[in-house]
Amino acid sequence: MVWLQGVIPFIGKQYHLINGSLTWYESQSFCTLKYTDLATVNNVSDKNDLGNTLGSHVTYIWIGLRRGNTRRWMWSDGRGPAHYTRWNVGEPSSGGVSEPCGEMTVGGTWNDVPCGYGKDFACYE
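Per full-length UniProt numbering, residue 1 is the first one in the sequence shown, and the count goes up by one each step.
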């Protein structure tokens, strides 16, 4: 629990937008070193909080969404599958075979994309 202004308790994640053209794997390494992990979005509240952090400055960012060995979309922090999803229309488009990493758009929807693209990313703690 973090106290804001010493009065109001805040329970939840704090998101950090990182401007840098890194691959999904490089982004995750950075986030686990400096924070907790790449951003996870487990519910509408998380989506709104992350969207507020991003504002309208970023169009596509890495989030901690990755297709696991079980062929399910998992969160990189190891907390399990993505039960809450915000896939864009027609996504995931490749079934995760050639596009096993997840990005979030400024509108808050998700796409599956190759992991090697350089993108800004969001971490959480």
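C-beta atoms are modelled at their ideal positions from N, C-alpha and C, and glycine is treated no differently.
None of the values given here were measured: they were computed from a predicted structure.
Let me check understanding here. Comparing Cα to Cα, which of the options lies closest to residue i?
i, options, result
"residue 13", "25, 61, 47, 26", "47"
"residue 62", "86, 15, 23", "23"
"residue 79", "42, 122, 20, 21", "42"
"residue 15", "29, 90, 52, 44", "52"
On the premise that residue j lies in contact with residue i, defined as a C-beta separation below 8 Å, what is that separation, rounded to the nearest angstrom?
i, j, result
"residue 124", "residue 39", "5 Å"
"residue 81", "residue 101", "Between residue 101 and residue 81 the Cβ distance is about 15 Å, and since that is not below 8 Å, they are no contact."
"residue 120", "residue 19", "5 Å"
Measuring straight from C-alpha to C-alpha, what distance separates residue i and residue j?
i, j, result
"residue 85", "residue 94", "16 Å"
"residue 58", "residue 83", "25 Å"
"residue 69", "residue 25", "16 Å"
"residue 32", "residue 50", "18 Å"
Taking the Cβ atom as the reference point for each residue, do residue i and residue j lie within a distance shorter than 8 Å?
i, j, result
"residue 27", "residue 106", "no"
"residue 110", "residue 88", "yes"
**Message:** For the region 57-72 against the region 24-43, do three or more pairs of beta-carbon atoms, one drawn from each stretch, fall closer than 8 Å, so that the two count as touching?
**Reply:** yes
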